[in-house]
Amino acid sequence: MIRAAGLSKRYGRRPAVVDLAFSVEAGQVCALLGPNGAGKTSTMRMLVGLSTPDTGTAELLGDKVALGAPALHRAGVLIDGPAFVPHLSGLRNLRLLWSAAGHHWPPPALDDALDLAGLGPAIDRRAKSYSMGMKQRLMLAQALMRDPDVLILDEPANGLDPAEVRALREHLTTRAAGGAAVLVSSHQLAEVQQLATHVVVMNHGHLVDAGPLDRLTGAADDAYRIEVDDTAGAANALRPLTGVTTVTAHDDAITVTAPGVPSRDLVQALVTAGVGVTSVNRADRSLEDAFLTMTRGDDDHAAR
Amino acid sequence: MLRVELATQLLRIRTLVALACLAAVPVIAGLATASHAGRHNGTQGGLFGASTLSALNHAMACLMFIGPLLLPLVVALLASAIGSADRDWGTLRYLYVAPVGRRRLLTGKLAAVTIVTTGAVLAVLIGGLLTGIALFGWHPFHILNAPTLTTGQTLTRVTEATGYTLLCMLSIATIAFAFGLLLPRGAEALGASLAFVVIATILNQQSSLHRLAAVLPVHYWQSWTALFSPSGTAPLATGALCQLITIALATTLAFAVLHRRDPAA
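Chains as they are written, first to last, in the UniProt record's numbering: chain W, 1 to 304; chain L, 1 to 265.
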């Protein structure tokens, strides 16, 4: 339902997206992940026709996407943050964006969308008086009120409080279960891990990996859970070690991601540092671990 | 799409205030000359000299007074906002994904520009007419040193003058609108439009630069006033052609900008 085939986009001399290919099918919630500048928003812009790819094609619901393409009637979009006519009320703004495309008011899923937005009487206030979170919720309502078959949401949880994030997650999960294809970009990896069924990871405009979330976060050869008697000391001992990309401390254990590093080297480093080791096991990686491992390299400092 | 522009631009307070300001000028001018009601207006000649003789005289005199600068400035303000506001607010991308196509967007915006420009011209005329009726009464149209016009002659000439002025204002409106689409921010578009009017007006007053001024639409904006001279004729064809060419060029530029520019760039 959402398909990028060989998408490339260059702004001046800087390549923003390079030969990107992935697809999101009905029922999937796909998270588009990558560090800042990875090309996520550029990709989303091409997928909704706001930007023309230099090469490749973007498709929605089987149709090639261009500016104002008919397939967009069946898409809900949040991109580059919220934007409203400031002197109109929230509801008037929703009406405006709906009727601009020649639709008759009200849209099919208005009530559900307004419930999720939870703006109450503020829906009749001028949008310029809204807080960042209220604007974001109204924008989400704009995307969801049309009962879309495809949702493309750029950082949808920005500015939302935990309860609102949870409500959004449940709403998107329900929509996907109903047959919609959902593509979200986000930096909130813990949140994404609870929401997404599939993941597309980008870095420097290139596709790093794409596939089911379970595959990316499943037991991996490069991640270990090590029970120790001093988690802080263990973390300090392992972080400087060559090959170690992430170290996460828990109550009585640490999770270490160290591609290509044998577990005995880790244990040796811990023992040398005076840290007692109780056990070493392969660990399921968190999405954060998987993400940082995949996007290491130039971003190594961030991962550490 | 026109409904969107009506809601976002035409019915907003700023637009209504601007139109009210235009309508207020004839009121102020009428009050200033009310002491000459029914008589020649001081020592002035032409339309200004006869402005106190009838409501229509007052309305046309106000159009002549406001036409060279204030009316085009207000029209430019409103038209540049129609071109740029969506981008300034960020709503342009959401209109595109609504989805609204480029052609529909441009058509709606041009319709809005036409409506707001017509509204601005009518605000002056209606303001002048109502003030004139209240202060000077409804009398036949007077032209100094010429016979009073018949009703038919008055209707014809007022219609010609109003239509021609509307065409002139549409030329600056489309220029301002194209600037609104072309330049990054609405304030820049407004500044460029105002600069165009002011510089063109200054050039128009330099006899040594006549050949340059003659290709600018501003040069012909007051040509209609000859309709109310004793001769009763005005060479409006060249001026109208210049306005039409300007409108066509500005609209083409607007379409080219909208069509070629990547909205996300």
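Beta carbons are placed, not taken as given, at the ideal position from N, Cα and C, and that holds for glycine.
Residue from the options with nearest C-alpha to residue i
i	options	result
residue 265 (chain W)	W:238, W:186, W:10	W:238
residue 200 (chain W)	W:162, W:20, W:129	W:20
residue 70 (chain W)	W:15, W:150, W:30	W:150
residue 259 (chain W)	W:271, W:31, W:242, W:2	W:242
residue 280 (chain W)	W:234, W:291, W:24, W:245	W:234
residue 169 (chain L)	L:76, L:110, L:224	L:76
residue 24 (chain L)	L:57, L:184, L:62	L:62
residue 135 (chain L)	L:86, L:147, L:51	L:51
residue 240 (chain L)	L:48, L:45, L:223	L:223
residue 153 (chain L)	L:194, L:198, L:56	L:56
residue 106 (chain W)	W:116, W:117, W:94	W:94
residue 259 (chain L)	L:185, L:149, L:103	L:103
residue 116 (chain W)	W:148, W:164, W:291	W:164
residue 172 (chain W)	W:161, W:159, W:143	W:143
residue 204 (chain W)	W:3, W:158, W:43, W:268	W:43
residue 220 (chain L)	L:209, L:208, L:204, L:70	L:204
residue 6 (chain L)	W:34, W:92, W:47, W:256	W:92
residue 164 (chain L)	L:60, L:137, L:107	L:60
residue 120 (chain L)	L:133, L:17, L:2, L:138	L:17
residue 75 (chain W)	W:10, W:38, W:84, W:141	W:141
Per-residue DSSP class, three states only, for residue i
i	result
residue 51 (chain L)	coil
residue 257 (chain L)	helix
residue 163 (chain W)	helix
residue 304 (chain W)	Residue placement at residue 304 (chain W) cannot be trusted, given a pLDDT of 34 that sits under 50; the coordinates are not used to answer.
residue 170 (chain W)	helix
residue 52 (chain W)	coil
residue 244 (chain W)	coil
residue 160 (chain L)	helix
residue 11 (chain W)	strand
residue 14 (chain L)	helix
residue 262 (chain L)	coil
residue 298 (chain W)	Model confidence at residue 298 (chain W) stands at a pLDDT of 47, short of 50, so the residue's coordinates are unreliable; what they give is reported in the following sentence. Of the three classes helix, strand and coil, the one that applies to residue 298 (chain W) here is coil, per DSSP.
residue 107 (chain L)	helix
residue 192 (chain W)	helix
residue 122 (chain W)	helix
residue 144 (chain L)	coil
residue 224 (chain W)	strand
residue 282 (chain W)	strand
residue 5 (chain L)	helix
residue 19 (chain W)	strand
residue 208 (chain W)	strand
residue 234 (chain W)	helix
residue 27 (chain L)	helix
residue 79 (chain W)	coil
residue 197 (chain W)	coil
Supposed close pair residue i, residue j - CB separation, criterion 8 angstroms
i	j	result
residue 206 (chain L)	residue 112 (chain L)	No, residue 206 (chain L) and residue 112 (chain L) are not in contact; Cβ-Cβ is about 35 angstroms, not under 8 angstroms.
residue 87 (chain W)	residue 128 (chain W)	7 angstroms
residue 189 (chain W)	residue 288 (chain W)	5 angstroms
residue 184 (chain W)	residue 32 (chain W)	7 angstroms
residue 90 (chain W)	residue 146 (chain W)	Between residue 146 (chain W) and residue 90 (chain W) the Cβ distance is about 16 angstroms, and since that is not below 8 angstroms, they are no contact.
residue 50 (chain W)	residue 96 (chain L)	6 angstroms
residue 181 (chain W)	residue 65 (chain W)	Not confirmed; about 14 angstroms, so no contact.
residue 138 (chain W)	residue 82 (chain W)	7 angstroms
residue 4 (chain L)	residue 100 (chain W)	5 angstroms
residue 73 (chain L)	residue 167 (chain L)	Going by Cβ atoms, the distance from residue 73 (chain L) to residue 167 (chain L) rounds to 18 angstroms, so no, they are not a contact pair.
residue 84 (chain L)	residue 189 (chain L)	5 angstroms
residue 283 (chain W)	residue 225 (chain W)	4 angstroms
residue 228 (chain W)	residue 253 (chain W)	7 angstroms
residue 349 (chain L)	residue 218 (chain L)	Since the first residue shown for chain L is 1 and the last is 265, residue 349 (chain L) is missing from the structure and cannot be characterised.
residue 68 (chain W)	residue 108 (chain L)	Not quite, the Cβ-Cβ distance comes to about 13 angstroms (not below 8 angstroms), so this is no contact.
Any non-hydrogen atom of the ligand FAD closer than 7 angstroms to residue i Cβ
i	result
residue 97 (chain W)	Only the bare structure without any ligand can be found here, which leaves the ligand FAD out of the picture.
* To do: Spell out a yes or no on whether the region 139-157 of chain L and the region 227-240 of chain L are touching, meaning 3 or more CB-CB pairs, one atom from each, closer than 8 angstroms.
  => yes
* Evaluate the contact criterion for the region 55-70 of chain L versus the region 122-138 of chain L: three or more CB pairs, one atom per stretch, below 8 angstroms. => yes
* To do: Report the residues of the region 79-97 of chain W with a CB closer than 9 angstroms to any CB of chain L, ordered along the chain.
  => 79, 80, 81, 82, 83, 84, 85, 86, 87, 88, 92, 93, 95, 96, 97
* For the region 169-183 of chain W against the region 25-39 of chain W, are there 3 or more C-beta pairs whose distance is under 8 angstroms? -> yes
* Touch check for the region 172-191 of chain L and the region 143-163 of chain L: three-plus C-beta pairs under 8 angstroms? -> no
* To do: Could you tell me whether the region 76-89 of chain L touches the region 179-198 of chain L, where touching means 3 or more Cβ pairs closer than 8 angstroms?
  => yes
* Asked: Taking any Cβ of chain W, which residues in the region 87-110 of chain L have a Cβ under 7 angstroms from it, in chain order?
  -> 89, 90, 91, 93, 94, 95, 96, 97, 98, 99, 100, 101, 102
* Asked: If contact means a Cβ-Cβ distance below 9 angstroms, which residues of the region 110-134 of chain W contact chain L?
  -> none
* **Residues of the region 1-14 of chain L whose Cβ lies closer than 9 angstroms to any Cβ of chain W, in chain order** => 1, 3, 4, 7, 8, 12, 13, 14
* Are the region 33-51 of chain L and the region 113-122 of chain W touching, with three or more C-beta to C-beta distances below 8 angstroms? -> no
* Below 7 angstroms between beta carbons is the criterion; list the residues of the region 52-71 of chain W that meet it against any residue of chain L, in chain order. => 52, 67, 68, 69
* Report the residues of the region 25-51 of chain W with a CB closer than 8 angstroms to any CB of chain L, ordered along the chain. => 42, 45, 48, 49, 50, 51
* To do: With 9 angstroms as the C-beta to C-beta threshold (strictly closer), list the residues of the region 227-260 of chain W near chain L in chain order.
  => none
* Looking at chain L, which residues of the region 6-20 of chain W have a Cβ within less than 8 angstroms of any of its Cβ atoms? -> 11
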